[in-house]
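Visitor: What follows is a structure written as structure tokens; I'll ask about it next.
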């Protein structure tokens, strides 16, 4: 076992100290689970939910950030915009 002092930790016990602990496992985000977010230079006012400020592709689904009080909500694109609104947003300089 280790004994801690003000200056160090020293092993006390059998002559063979325990094996070094394994390094912590860090998860590597694969492309399927990571999100790619694009913030709009020109926000778009949708009819259904309000001001759209960003688009995110995550796990094969498109999400839209809707600005509101008190924070931004991420909703599926189909819930927020129809095809005509998407075309207008893109034409307006996303």
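In the working numbering, the protein residues as written are 80 to 173. Note that CB positions come from ideal geometry on N, CA and C, so glycine has one too. Keep in mind it's a predicted model, so treat the numbers as computed, not measured.
If you reduce the DSSP assignment to three classes, tell me which class residue 126 lands in.
Guide: Correct three-state label for residue 126: coil.
Visitor: Entirely within the stretch 121-165 and at least 3 residues each: give me those beta strand (DSSP E) ranges in chain order.
Guide: DSSP runs (the beta strand (DSSP E)) wholly in the stretch 121-165: 130-137, 140-146 and 152-155.
Visitor: Should residue 144 be labelled buried (16 or more other beta-carbon atoms within 10 Å of its own) or exposed?
Guide: Residue 144 comes out buried.
Visitor: Please return the same chain residues whose Cβ sits closer than 6 Å to the Cβ of residue 123, not counting the five positions on each side in sequence.
Guide: So the list reads 131 and 168, once near-sequence residues are dropped.
Visitor: Under the DSSP definition of a beta bridge, which residues are partnered with residue 117?
Guide: DSSP output for residue 117 lists 134 as bridge partner(s).
Visitor: Excluding the 5 residues preceding and the 5 following residue 115 in the sequence, name in chain order all residues of the same chain whose CB lies nearer than 8 Å to its CB.
Guide: Counting only Cβ-Cβ distances below 8 Å, and skipping sequence neighbours, we find 135, 136 and 137.
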